Every structure is written in structure tokens, then in C-alpha cells.
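Engineer: There's a structure below that I have some questions on.
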């Protein structure tokens, strides 16, 4: 699975749960920008 596929999975699961990027970020103790990068396949951390 490459980073873009992982990002798409994160986005799909987040949306299925009705969460915003900010809500997911708060739950994971990261910034919304980090979630955005994950979903775009930019960041692997």
C-alpha cells in the first residue's frame, strides 16, 4: 500500500464517521495540517 492509498483510506474512514479533519486531528493529538498531508499522501508520519 503506498502513501496515496493510505491517505485515501484515512479520508474514507474519517468521512464515514462524519468527522472533520480538525476533529480527527484533535483525537490523534496532531494538527489539521498533518491530517491533510496524510490524506494527500504527502506525509508518512
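In this note's numbering, the protein residues as written are 10 to 54. Positions of the beta carbon are idealized from the N, C-alpha and C atoms, including for glycine. Because the structure is a prediction, the values reported are computed rather than measured.
Hey, would you say residue 17 sits closer than 9 Å to residue 28, going by beta carbons?
Structural biologist: Here residue 17 is taken as the residue at index 8 of the chain shown, counted from 1. Here residue 28 is taken as the residue at index 19 of the chain shown, counted from 1. Cβ distance not < 9 Å, so residue 17 and residue 28 don't count as in contact.
Engineer: Do you know how far the Cα of residue 38 is from the Cα of residue 20?
Structural biologist: Locating residue 20 in the chain shown gives position 11, counting from the first residue. Locating residue 38 in the chain shown gives position 29, counting from the first residue. Between residue 20 and residue 38, the C-alpha separation is close to 17 Å.
Engineer: How close, in whole Å, do the beta carbons of residue 44 and residue 33 come, if the pair is a contact with beta carbons under 8 Å?
Structural biologist: Residue 44 sits at position 35 when you count from the first residue of the chain shown. Residue 33 sits at position 24 when you count from the first residue of the chain shown. That pair is a contact at about 5 Å.
Engineer: Quick check on residue 16: does DSSP put it in helix, strand or coil?
Structural biologist: Position 7 of the chain shown, counting from 1, holds the residue named residue 16. Correct three-state label for residue 16: helix.
Engineer: In chain order, what residues of the same chain have a beta carbon less than 7 Å from the beta carbon of residue 31, not counting five sequence neighbours either side?
Structural biologist: Mapped onto the chain shown, residue 31 falls at position 22. Cβ within range, chain order: 41.
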